[in-house]
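In the working numbering, the protein residues as written are 446 to 572. Backbone N, C-alpha and C define an ideal beta-carbon position, used for all residues, glycine too. Model, not experiment: these values are computed from the prediction.
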């Protein structure tokens, strides 16, 4: 009987060690996953332009820029608004906060701002 207890205890100890090693492996895998799938951005902005969003107006509107320029959308209202662009999705913007969007290709990029006194429409023209 003592021999059985001794073997069982050793097996239990080995199981605990294996479980510990496996958990440590999983923890390392979970920590390293974001690094594995992280894409390196090679974008370097040539400059920055700003769009101020007020309760009833967007300034400047339209904004004309060169390609590879970042645009800062600045919420100048006292409430949370959403900047909605085709392909950007719906991006909430808290009062006084800034959202940055890079424009890499020539074209016209319309957007809508909701959460203001009335829905506002703006446009970024990239030459």
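Neighbour-count burial assignment, residue i, 16 or more Cβ in a 10 Å radius
i, result
"residue 520", "buried"
"residue 465", "exposed"
"residue 498", "buried"
"residue 621", "Residue 621 is absent from the model: the chain starts at 446 and stops at 572."
"residue 545", "exposed"
"residue 463", "exposed"
"residue 543", "exposed"
Helix, strand or coil at residue i according to DSSP, with G and I counted as helix
i, result
"residue 568", "strand"
"residue 464", "helix"
Residue(s) in a DSSP beta bridge with residue i
i, result
"residue 547", "515"
"residue 503", "498"
"residue 540", "Answer by DSSP bridge pairing: none, since residue 540 is not bridged."
"residue 530", "534 and 556"
"residue 493", "515"
"residue 525", "Residue 525 pairs with nothing; no bridge assigned."
Separation of residue j from residue i, as counted between CA atoms
i, j, result
"residue 553", "residue 510", "10 Å"
"residue 513", "residue 524", "30 Å"
"residue 548", "residue 567", "15 Å"
"residue 537", "residue 501", "17 Å"
"residue 492", "residue 506", "19 Å"
"residue 467", "residue 461", "10 Å"
"residue 572", "residue 551", "5 Å"
"residue 526", "residue 515", "20 Å"
"residue 559", "residue 522", "12 Å"
"residue 494", "residue 534", "21 Å"
"residue 569", "residue 561", "19 Å"
Chain B contact for residue i (CB, 8 Å cutoff)
i, result
"residue 464", "No chain B is part of this structure, which consists of one protein chain only."
Contact test: residue i Cβ vs the ligand FMN heavy atom, cutoff 7 Å
i, result
"residue 504", "With respect to the ligand FMN, the structure offers nothing, as it holds no ligand at all."
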